[in-house]
Amino acid sequence: MTVLTKPEVIDTIDELRSRLCLKRQNIASTGAEARVVLVPTMGALHDGHRALVRRAVALGEIVVVSIFVNPLQFGVNEDLDTYPRTLDADVTALAEEGATFVFAPTAREMYPDGASSTRVTAGAIGGLYEGAARPGHFDGMLTVVNKLFNIVEPDLAVFGQKDAQQVFLVERMIADLNLRVSLEVVPTVRETSGLALSSRNHNLDEPARAAARSLSAGLAAAASAALKGVPAAIVAAHAVIGAQTLVKLDYLVVVHPHTYLPVADDYRGPARMLVAAVVGSTRLIDNISLDIP
Ligand code: PAF
């Protein structure tokens, strides 16, 4: 029988820094590399998160998974209070995946002066798509990610492609602020139906779950139709998603992968289609890479 080593669960910044320092020194003293890999999460871990942690374990010797439901990235009418918090189950899952440390701070530990403190701003792209629907969301996200980078000082950080705009903005922040961390992006994990895994999927009842599958199906239809150009890809996705009455589409857009601005109808080259919708009462996002010849 394999005995799993539970990761150490740490809730203060000072403790995490000193445990990390010791761990790095211990490994380095054996002559081995001691790369620190951070996986930032908000907990309620599912197989998508587990794939991020598995990648982190493959890339480094010390894996820190942060679990923090960051109040700064939730708007006033959003689900901060009801966001699922499942720390015990998360720690068990992380033991199975081989994480070294779980950093699970309180809001007071992360923001001792409250929300009125310094922010990182996401710029113009941070106000589009998810940022238009959730004003301030990306400033809050970048602020906490920057804090986590400063606290953990990772060599690498692992993010999921499911949150494509988030990945783009974190990449921009790393470049713009000359941060010393490399980004590893892991493909979206999907149910066999195609539905992208999300902590919010548990809010979907069966009819909403069935309707939600149209997002990934619409994206797949767009990827096939992309051979005929951008407008054809958009029409194909609309045809699939629009057929579902439970799906209230927020945006469906084809963006340039380097700028995240919408591409022109006659654009040719690599692109990404982003979609967001409220399904039942749950907001879901998804995306797919398109190749427009
Ligand atoms: O993707 C998430 O879960 C969050 O936005 C993140 C990166 C953990 C920051 O709070």
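If you read the sequence shown in the working numbering, its first letter stands for residue 329, the second for the next number, and so on. Glycine residues also receive a C-beta, built at the ideal position from the N, C-alpha and C atoms. All of these numbers come straight from a predicted model, not from anything done at the bench.
Query - Own chain residues within Cβ distance below 8 Å of Asn443, not counting five before or after - result: The sequence shown places Ala at residue 443, rather than the Asn named in the question. Hits under 8 Å: Pro399, Leu400.
Query raised in the report: Around the Cβ of Val404, are there at least 16 other Cβ atoms within 10 angstroms (buried) or fewer (exposed)?
Result: Exposure of Val404 is indicated by the presence of fewer than 16 other C-beta atoms within 10 angstroms of its C-beta.
Report task. Give the DSSP-derived three-state secondary structure of Leu484 in the structure shown. Result -> In the three-state scheme derived from DSSP, where H, G and I count as helix and E and B as strand, Leu484 is classed as strand.
Report task. Within its chain, find whatever has a CB closer than 6 Å to the CB of Val568; leave out the 5 residues flanking it on each side and keep chain order. Result -> If we look at Val568 and ignore the five residues flanking it on each side, its Cβ neighbours are Ser542, Ala545, Gly546, Ala549.
Query raised in the report: Taking the alpha-carbon positions, what's the Ala304 to Gly557 distance?
Result: This structure cannot settle anything about residue 304, because the visible part of the chain is limited to 329 through 621.
**Report entry** Rounded separation between Val563 and Phe477 - CA only
**Finding:** So the alpha carbons of these two residues sit roughly 41 Å apart.
Query - Boundaries (first-last residue) of the alpha helix (DSSP H) holding Leu618 - result: DSSP places Leu618 in no alpha helix (DSSP H) but in the uninterrupted beta strand (DSSP E) bounded by 610–620.
Report task. Would you decide whether Gln353 is buried or exposed? Buried here means 16 or more other CB atoms lie within 10 Å of its CB. Result -> Classified as exposed, Gln353 has fewer than 16 neighbouring CB atoms from the shown chains inside 10 Å of its CB.
Query raised in the report: Enumerated in chain order, which unbroken segments of the beta strand (DSSP E) with a length of 3 residues or greater are wholly contained in the stretch 394–463?
Result: Counting whole runs of 3 or more residues, the stretch 394–463 contains the beta strand (DSSP E) stretches 429–431.
Requested in this report: For Gly597, I'd like the list of residues in its chain whose CB is within less than 7 Å of its CB, leaving aside the five on either flank, ordered along the chain.
Outcome: Cβ within range, chain order: Ile620.
Requested in this report: Mind checking which residues open and close the beta strand (DSSP E) that includes Ser510?
Outcome: Unbroken beta strand (DSSP E) run through Ser510: 510–514.
Query raised in the report: Which parts of the stretch 586–610 are runs of the beta strand (DSSP E), unbroken and 3 residues or longer, counting only runs that do not cross its ends?
Result: Runs found: 597–607.
Query raised in the report: Are the beta-carbon atoms belonging to Val575 and Leu602 less than 8 Å from one another?
Result: Inclusion of Val575 and Leu602 in the CB contact set at 8 Å is not warranted, their separation being larger than that value.
Query raised in the report: So Asp578 is in the beta strand (DSSP E); what residue range does that whole segment cover?
Result: Counting along the chain, Asp578 sits inside the beta strand (DSSP E) bounded by residues 575–583.
Query - Three-state class that DSSP yields for Leu507 in the structure shown - result: Here Leu507 carries a coil assignment [DSSP, helix/strand/coil].
Query raised in the report: To which residues of the same chain is Val607 closer than 7 Å at the C-beta, ignoring the five residues directly before and after it?
Result: Apart from the 5 residues on each side of it in sequence, Val607 sits with its Cβ closer than 7 Å to the Cβ of Leu532, Ala536, Ala539, Ala540, Leu574, Val575 in its chain, given in chain order.
Requested in this report: With a cut-off of 6 Å, give the chain-ordered residues whose Cβ is closer than this to any heavy atom of ligand 1.
Outcome: Near ligand 1, meaning a beta-carbon closer than 6 Å to one of its heavy atoms, we find Pro368, Thr369, Met370, Asn398, Gln401, Met469, Val472, Val473, Asp491, Gln494.
Query - Residues near Ile616 in its chain [Cβ-Cβ closer than 6 Å; skip 5 each side] - result: If you ignore the 5 residues before and after Ile616, its C-beta comes within less than 6 Å of the C-beta of Leu547, Ala551, Met601, all in its own chain and listed in chain order.
Requested in this report: Pick out whichever of Asp441, Met438, Val385, Asp418 has its Cα sitting closest to the Cα of Val276.
Outcome: The chain is shown from 329 up to 621; residue 276 falls before or after that span and cannot be answered.
Report task. Mind checking which residues open and close the beta strand (DSSP E) that includes Pro368? Result -> DSSP places Pro368 in the uninterrupted beta strand (DSSP E) bounded by 364–369.
Query raised in the report: Using 8 Å as the Cβ pair cut-off and three pairs as the minimum, do the stretch 386–398 and the stretch 359–366 touch?
Result: Contact between the stretch 386–398 and the stretch 359–366 is present: 3 or more CB-CB pairs across the two stretches fall below 8 Å.
**Report entry** Touching by the beta-carbon criterion (3+ pairs, under 8 Å), the stretch 461–481 and the stretch 340–357
**Finding:** Between the stretch 461–481 and the stretch 340–357 there are three or more C-beta pairs closer than 8 Å, enough to call the two in contact.
Query raised in the report: Under a Cβ-count criterion, where at least 16 other Cβ atoms within 10 Å of its own Cβ denotes burial, should Pro433 be classed as buried or exposed?
Result: Classification for Pro433: buried.
Query raised in the report: Between Pro585 and Ala599, is the Cβ-Cβ spacing less than 8 Å?
Result: Yes.
Query raised in the report: Which residue comes first and which comes last in the beta strand (DSSP E) that contains Glu336?
Result: Glu336 -> beta strand (DSSP E) spans 336–338.
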